[in-house]
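Student:
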Ligand code: FES
Ligand code: FES
């Protein structure tokens, strides 16, 4: 399967039915994207495909052929940089397990909406579960990143 991964053309030798999450972690070796539930219920596996957040546990490798995939390792640009800086400034992370997925969803939100309300944030982040309950810091960090993108 050929696709663009974090800005570089990649050919991944694997069954097209393999979940993208496994291809990223076990074939390519990018382990920043996490396995949580395997059933599109937790958001830990969130990556971007053609700029939109998707659950890589429920995305077949064949579904990304010819597309652009961005993982936590490839987060950058104006929005990605602002989100990561805000996460650090507000010390969002606790155990960290969910946080790559949280950041990917936050970058997806701010790429579409530079001034999200609390309601916008809650809606966009609804599918990202945090067992450490860092939700208040996540919301604050998204507002912080938004203020730096103004
Ligand atoms: S591991 Fe994909 S949503 Fe939980
Ligand atoms: S920081 Fe621990 S699960 Fe979210």
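Numbering (the numbering used here), first residue to last: 783 to 932.
The beta carbon of each residue, even a glycine, is placed where N, CA and C say it ideally should be.
Tell me where the beta strand (DSSP E) around residue 852 begins and ends.
Tutor: Taking the chain shown and counting its residues from 1, the one referred to as residue 852 is at position 70. Where residue 852 is concerned, the enclosing beta strand (DSSP E) stretches over 850-852.
Student: Where does residue 906 sit, in a helix, a strand or coil, going by DSSP?
Tutor: Working through the chain shown from its first residue, we reach residue 906 at position 124. The answer is helix: DSSP assigns residue 906 an H, G or I state.
Student: At what residues does the alpha helix (DSSP H) containing residue 926 begin and finish?
Tutor: What you label residue 926 is simply residue 144 of the chain shown in a count that begins at 1. Start and end: 917-931.
Student: For residue 795, which three-state DSSP category applies?
Tutor: Here residue 795 corresponds to residue number 13 of the chain shown, with the count starting at 1. Coil, per DSSP.
Student: So the candidates are 841, 815 and 831; which of them puts its Cα closest to the Cα of residue 797?
Tutor: Stepping through the chain shown from its first residue, residue 797 is reached at position 15. Among 841, 815 and 831, the Cα nearest to that of residue 797 belongs to 841.
Student: From what residue to what residue does the alpha helix (DSSP H) around residue 863 run?
Tutor: What you label residue 863 is simply residue 81 of the chain shown in a count that begins at 1. Where residue 863 is concerned, the enclosing alpha helix (DSSP H) stretches over 859-871.
Student: Hey, is residue 918 close to ligand 2, as in C-beta under 8 Å from one of its heavy atoms?
Tutor: As a first step, residue 918 must be located in the chain shown, where it is residue number 136. No, since every heavy atom of ligand 2 falls outside the 8 Å radius drawn around the Cβ of residue 918.
Student: From the beta carbon of residue 804, is the nearest beta carbon of chain B less than 9 Å away?
Tutor: As a matter of chain content, chain B is missing from the structure shown, which is built from one protein chain.
Student: Which residue wins for smallest C-alpha separation from residue 805, given the options 824, 860, 857 and 829?
Tutor: As a first step, residue 805 must be located in the chain shown, where it is residue number 23. With distances taken between Cα atoms, residue 805 lies closest to 829.
Student: So, is residue 941 buried or exposed, given that buried needs 16 or more other C-beta atoms within 10 angstroms?
Tutor: Nothing about residue 941 can be reported from this structure: the residues present for the chain run from 783 to 932 only.
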